[in-house]
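Engineer: Numbered according to our numbering, the sequence shown spans residues 1302 to 1461. The following block contains the structure, expressed as C-alpha cells.
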Amino acid sequence: MAMIDRAKKTIDIAMYSFTDRAIADALLRAARRGVRIRIYRDRIQVRDRGDKTRRLLESKVGREHITVLVKRNSSRNIMHLKAYEIDGLILRTGSANWSPPGEGAYCRRGYRSLHAQQDNNLFLTMDRREVRNFEKTFSRIFHRESNRMWRPEMGRRKKG
C-alpha cells in the first residue's frame, strides 16, 4: 500500500481477485490526490461476494478518478493477471491476488481453519523496459472493444 500511497499521476491495474479493503482505501486516497486510476477486471471475479470494486466507485472521487473495465469472457477465457504499474516507474506482478489469503493471511474454508497459507510470488521492478512492456500490454487489453464499463449490477450474484 505504501507504493499506492506515493503515486502521483497514474496507476494501471489488472487484478483478477480484489477483496482487500485496505487496498481499496489506499486507491481511494490516491484518487483524492488526483491520481488517475484504470482497473481491468475479470467478469466472473467482480461478482465475488467480497469484491471491493463497488467500494471504489460509490464515492464521487472514485467515479471521477477511477475507471473500471471488465473483460467480457467465459469461464475458460479469464482475465487472470495480478499486476499494476505506478507512474510509469514501478511494476508489481506475480501470482498473488488482492485478497487477504493471497497476501499471506491465514484463510478459513467452511468450518475448518486451514493452517497453511497460499503459495504465491511477487515481483517488483523499476526496470524501464519491463514497465513499458506492461504498459503496452495493459493498454492493448484495457482498450479491447469487447470490454464493458463496470456497473453496479455486475457485482451481484443472481439468487437461484
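Don't be surprised by glycine CBs; every beta carbon is placed ideally from N, CA and C.
Just to confirm, is the Cβ distance from Met1455 to Arg1348 under 8 Å?
Structural biologist: Yes. Within cutoff.
Engineer: Check Met1304 in the structure and name its three-state DSSP category.
Structural biologist: The answer is helix: DSSP assigns Met1304 an H, G or I state.
Engineer: So, are the CB atoms of Tyr1341 and Lys1383 less than 8 Å apart?
Structural biologist: Contact flag unset, no.
Engineer: List the endpoints of the continuous alpha helix (DSSP H) containing Ala1397.
Structural biologist: Neither: Ala1397 is in no alpha helix (DSSP H) and is coded neither H nor E.
Engineer: Using CA coordinates, which residue listed in Met1304, Gly1395, Met1302, Ala1315 is at the minimum distance from His1444?
Structural biologist: Of the listed residues, the one whose Cα sits closest to His1444 is Ala1315.
Engineer: Have a look at Tyr1412 and Arg1441 and give me their C-alpha separation to the nearest angstrom.
Structural biologist: Low per-residue confidence applies at Tyr1412: pLDDT is 49, beneath 50, and the placement is therefore not dependable enough to give any value.
Engineer: Which of the three DSSP states is assigned to Thr1354 in this structure?
Structural biologist: In this structure, Thr1354 counts as helix in the three-state DSSP scheme.
Engineer: Got a sec? Which residues, its chain only, sit under 7 Å from Arg1333 by beta carbon, not counting five neighbours each side?
Structural biologist: Once the five neighbours on either side are set aside, the close Cβ partners of Arg1333 are Val1362.
Engineer: Compute the Euclidean distance between the alpha carbons of Met1302 and Thr1438, then round it to the nearest angstrom.
Structural biologist: When rounded, the distance between both Cα atoms is 23 Å.
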